[in-house]
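Chemist: I'd like to ask you about the structure that follows.
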Amino acid sequence: MVNTNQYKSNKYLLKLTLPVFIETLLATLIGSADQLMIKTQSAHGYSAIGNVNQIINVFLMTFNVVAVASTILIAQYIGANNKEKAKQLYTLSFVVNIVFGLFVTALVLFFYNPIFQWLDYPDVILPEAKAYIIWIGSGLILNSIMVTYSAFLKANGFMKECMYIAVISNIINVGGNALLIFGFLGIPKLGIVGVSIASNVSKLVAVILLIYVYKKKVGVKITIKEIRPFPFYQLKKVLGIGVPSAGENISFAFVTIMIQKFINKFGPDIITARVTVNLLTFISWIFAAAISATTQVIVGYLMGARDIEGTDKRFKSSLRISMLCSLCGSLVLFFACRPIFGLFKIEDNVLDICQKIMFIEIFLEQGRAINLCAVRSLQATGDTKFPIIIGIIDAWIVAVGGGYILGVVLDMGILGVWTAMACDEIFRGILFTIRWKRGKWRKLSLVEQVV
């Protein structure tokens with residue numbers, strides 16, 4: 005049986021969290037850098053990238069169906085010392101996500117026009133939005149491979165290696181942006197197309213490095229022999245965990261798109277305010293997101309080893325840390341928002357709106373910190389259905405329905421929409437905390453133990 009003592013300490017949690025935090029921070033900063041660098045050449049390109057990325061993020065969620073399940077199951081198999089089942093799972097997860105990757109790529113490339121029409125994209129950003137989604141959509145298969153191998157490494161505790169790869173990939177992305185947006189070294193200026201090409205090249209490099217590190221550190225061969233005869237029971241287990249686990253995120257992504265549809269009706273200035281706020285609000289939640297991702301892996305280890313009390317202590321401690329970090333980040337951002345947002349050279353009326361949104365963010369991020377930690381911990385124990393049911397119902401009723409009533413019907417605009425989003429996060433956080441305290445997860449078991 006695996007010794008679980010190290011998994012219970014905050015020192016071990018923070019050791020694994022720091023690389024995940026840096027990796028997530030870099031990914032977020034580079035996404036912001038893409039928009040800020042193109043803004044110097046095209047204001048419409050700035051808004052186009054922000055809007056298209058909301059669509060792309062929905063499709064990226066499909067890859068998490070397998071990645072989340074792989075992380076949970078591999079972690080539990082490691083905790084249960086069941087190496088044979090884990091070995092089979094690597095190949096199965098890889099094959100399924102490749103299929104998802106090809107399907108999603110085709111879907112984006114063939115149906116982006118109806119999606120734009122449904123979302124009421126302003127005519128002024130349509131040309132650049134179309135160019136960006138065609139190029140960035142072509143590289144989605146690389147995202148599916150990246151997510152899969154990253155999940156394999158993180159489930160085995162190799163967070164630091166994933167961080168190093170993220171650093172290299174992001175440097176390539178920024179360098180590529182500089183060359184292809186601004187035309188350095190005599191290269192033609194490609195604008196928004198250059199952004200997407202640089203992104204795809206950086207993803208290709210990341211895929212190569214992830215596969216290399218996986219072979220060196222994990223060493224389990226991914227071969228079709230491992231899934232002959234096809235392990236339908238494993239696939240059922242993966243989808244049984246992955247679909248509900250990713251379902252809450254997928255639902256949230258569609259909720260975000262609906263909210264984007266509301267905000268697009270408020271005009272270009274409000275779209276700019278939303279994109280600008282989204283560029284910076286990651287400060288409030290990014291460490292909480294990293295803690296929740298690491299907690300999910302550790303909870304998987306502890307549950308696989310059937311250390312129930314250790315699992316409970318790990319969750320409660322992670323939750324306290326997550327909420328504290330989120331509170332500090334959102335408060336700093338609120339008090340410093342005017343000078344920070346002023347760097348974007350946006351109009352005073354947009355700046356005023358951004359400051360009001362950041363006050364609402366203080367409350368929204370507390371709810372989000374609870375949700376991130378509680379949902380991932382419940383998923384890791386095998387309690388996956390409750391989060392998806394509550395996530396879908398609450399988000400659509402409170403965030404979308406409330407956003408429409410407050411923002412559109414009562415004419416509160418984007419502030420009404422943001423208030424509804426905050427209420428959604430807080431209410432779900434309360435429900436998920438109650439769910440954990442009731443302890444149904446204590447009786448669940450996803451894998452067989454090997455002594």
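Going left to right, the sequence shown walks through residues 5 to 455 as the working numbering numbers them.
Where a beta carbon is used, it is the ideal one built from N, C-alpha and C, also for glycine.
1) CA-CA distance, L419 and A110?
2) I believe I53 touches V199 by the beta-carbon criterion, under 8 Å. Please report the beta-carbon distance rounded to the nearest angstrom.
3) How many angstroms separate the CA atom of Y337 from the CA atom of I366?
4) Can you tell me which of I42, G246 and A378 puts its alpha carbon nearest to the alpha carbon of S321?
5) Cα-Cα, which of A424, F107 and G346 is closest to L368?
6) Is V413 near the ligand GDP, judged by its Cβ being under 7 Å from some heavy atom?
7) Alpha carbon to alpha carbon, how far is I274 from E132? Give it in angstroms, no decimals.
8) So I82 packs on Y305, CB below 8 Å; how close in whole Å?
9) If you run the structure through DSSP and keep just helix, strand and coil, what is E351?
10) Closer than 6 Å by C-beta to I396: which residues in its own chain qualify, once you throw out the five before and the five after it? Chain order, please.
11) For Q80, which of D415, F115 and T315 has the nearest alpha-carbon?
12) Starting from W122, follow the alpha helix (DSSP H) in both directions and report where the run begins and ends.
13) When we look at the beta-carbon of F286 and count the other beta-carbons within 10 Å, is it buried (16 or more) or exposed?
14) Pull up the distance between the alpha-carbon of I137 and that of Y153, whole angstroms please.
15) Any contact between the stretch 258-266 and the stretch 400-416? By contact I mean 3 or more CB pairs, one from each, below 8 Å.
16) By DSSP, does M5 sit in helix, in strand, or in coil?
17) For F339 and N14, I'd like the C-alpha separation in whole angstroms.
18) Can you give the Cα-Cα distance for A202 and G180, rounded to whole angstroms?
19) I need the straight-line Cα distance from G417 to L183, nearest angstrom please.
20) Which class does R310 belong to by DSSP, given the choice of helix, strand or coil?
21) Can you list, in chain order, the residues of its chain with a C-beta nearer than 7 Å to that of F25? Leave out the 5 residues immediately preceding and following it.
22) Going by DSSP, what residue range makes up the alpha helix (DSSP H) through G141?
23) May I have the straight-line CA-CA distance separating L323 from I430, to the nearest angstrom?
24) Which same chain residues, not among the five before or five after L382, have their C-beta less than 8 Å away from its C-beta?
25) What is the DSSP secondary structure of Y168, counted as helix, strand or coil?
26) Assuming V108 contacts F258 (C-beta within less than 8 Å), just tell me the rounded distance between them.
27) Which value, in whole angstroms, describes the spacing of the CA atoms of L448 and G386?
28) How about the stretch 201-221 and the stretch 69-79: do they share at least three Cβ pairs that are nearer than 8 Å?
29) From L30, V56 and V69, pick the residue whose C-alpha is nearest to that of K241; which is it?
30) Looking only at its chain, what residues have a beta carbon closer than 6 Å to the beta carbon of V162, apart from the 5 residues adjacent to it on each side?
31) Let me know the secondary structure DSSP gives D127 once reduced to three states.
32) Could you tell me which uninterrupted alpha helix (DSSP H) segments, each at least 4 residues in length, are contained entirely in the stretch 268-331, listed from first to last along the chain?
Modeler: Taking the structure as given:
1) Locating residue 419 in the sequence shown gives position 415, where the first residue counts as 1. Locating residue 110 in the sequence shown gives position 106, where the first residue counts as 1. For L419 and A110, the distance between alpha carbons rounds to 37 Å.
2) To locate residue 53, count along the sequence shown from 1; it is residue 49. To locate residue 199, count along the sequence shown from 1; it is residue 195. 7 Å between Cβ atoms; contact.
3) The residue you call residue 337 lines up with position 333 of the sequence shown. The residue you call residue 366 lines up with position 362 of the sequence shown. The residue asked about is misnamed: residue 337 is Leu in this sequence, not Tyr. Using only the alpha carbons, I get a separation of about 9 Å.
4) Locating residue 321 in the sequence shown gives position 317, counting from the first residue. The candidate whose alpha carbon is nearest that of S321 is A378.
5) Indexing the sequence shown from 1 puts residue 368 at position 364. Ranking the options by Cα distance to L368, first place goes to A424.
6) The ligand GDP is not among the ligands present in this structure, which contains no ligands whatsoever.
7) Counting from 1 along the sequence shown, the entry for residue 132 is found at position 128. Counting from 1 along the sequence shown, the entry for residue 274 is found at position 270. C-alpha separation (whole angstroms): 19 Å.
8) Mapped onto the sequence shown, residue 82 falls at position 78. Mapped onto the sequence shown, residue 305 falls at position 301. With a Cβ gap of about 6 Å, I82 and Y305 count as contacting.
9) By 1-based counting over the sequence shown, the position of residue 351 is 347. The answer is coil: DSSP assigns E351 none of H, G, I, E or B.
10) Sequence index remark: in the sequence shown, residue 396 carries index 392 (1-based). Counting only Cβ-Cβ distances below 6 Å, and skipping sequence neighbours, we find S255.
11) Position 76 of the sequence shown, counted from the start, is the residue given in the question as residue 80. The option with the nearest alpha carbon to Q80 is T315.
12) As a working mapping, residue 122 is identified with position 118 in the sequence shown. Segment K87 to W122, the alpha helix (DSSP H) holding W122.
13) Here residue 286 refers to the residue found at position 282 of the sequence shown. Classification for F286: buried.
14) Indexing the sequence shown from 1 puts residue 137 at position 133. Indexing the sequence shown from 1 puts residue 153 at position 149. Going by the C-alpha atoms only, they are around 24 Å apart.
15) yes
16) In the sequence shown, residue 5 corresponds to position 1, counting from 1. Because the pLDDT at M5 is just 49, under 50, the model does not fix this residue reliably, and the value given afterwards should be weighed accordingly. Coil.
17) For the purposes of this step, residue 339 is taken as the residue at position 335 of the sequence shown. For the purposes of this step, residue 14 is taken as the residue at position 10 of the sequence shown. Roughly 30 Å separates the two Cα atoms.
18) Walking along the sequence shown from the start, residue 202 turns up at place 198. Walking along the sequence shown from the start, residue 180 turns up at place 176. So the two alpha carbons sit approximately 5 Å from each other.
19) Sequence index remark: in the sequence shown, residue 417 carries index 413 (1-based). Sequence index remark: in the sequence shown, residue 183 carries index 179 (1-based). Their backbone Cα atoms lie some 39 Å apart in a straight line.
20) Here residue 310 corresponds to residue number 306 of the sequence shown, with the count starting at 1. Here R310 sits in coil by DSSP.
21) By 1-based counting over the sequence shown, the position of residue 25 is 21. Answer for F25: I290, F291 and A294, listed in chain order.
22) For the purposes of this step, residue 141 is taken as the residue at position 137 of the sequence shown. Looking at the DSSP string, the run of the alpha helix (DSSP H) that includes G141 is L130 to S142.
23) The count along the sequence shown starts at 1 and reaches residue 323 at position 319. The count along the sequence shown starts at 1 and reaches residue 430 at position 426. Rounded to whole angstroms, L323 to I430 spans 14 Å at the Cα level.
24) Working through the sequence shown from its first residue, we reach residue 382 at position 378. Excluding positions up to five away in sequence, the list reads T388, F390, P391, F436, R439, W440 and W445.
25) The sequence position of residue 168 within the sequence shown is 164, counting from 1. Three-state result, Y168: helix.
26) Here residue 108 corresponds to residue number 104 of the sequence shown, with the count starting at 1. Here residue 258 corresponds to residue number 254 of the sequence shown, with the count starting at 1. That pair is no contact at about 15 Å.
27) Along the sequence shown, read from residue 1 onward, the residue named residue 448 stands at position 444. Along the sequence shown, read from residue 1 onward, the residue named residue 386 stands at position 382. So the alpha carbons of these two residues sit roughly 6 Å apart.
28) no
29) As a first step, residue 241 must be located in the sequence shown, where it is residue number 237. Among L30, V56 and V69, the Cα nearest to that of K241 is on V69.
30) Residue 162 sits at position 158 when you count from the first residue of the sequence shown. Checking the sequence shown, residue 162 turns out to be Phe, not Val. If we look at F162 and ignore the five residues flanking it on each side, its Cβ neighbours are K221.
31) Looking up residue 127 in the sequence shown gives position 123. In this structure, D127 counts as helix in the three-state DSSP scheme.
32) 272-284 and 286-308
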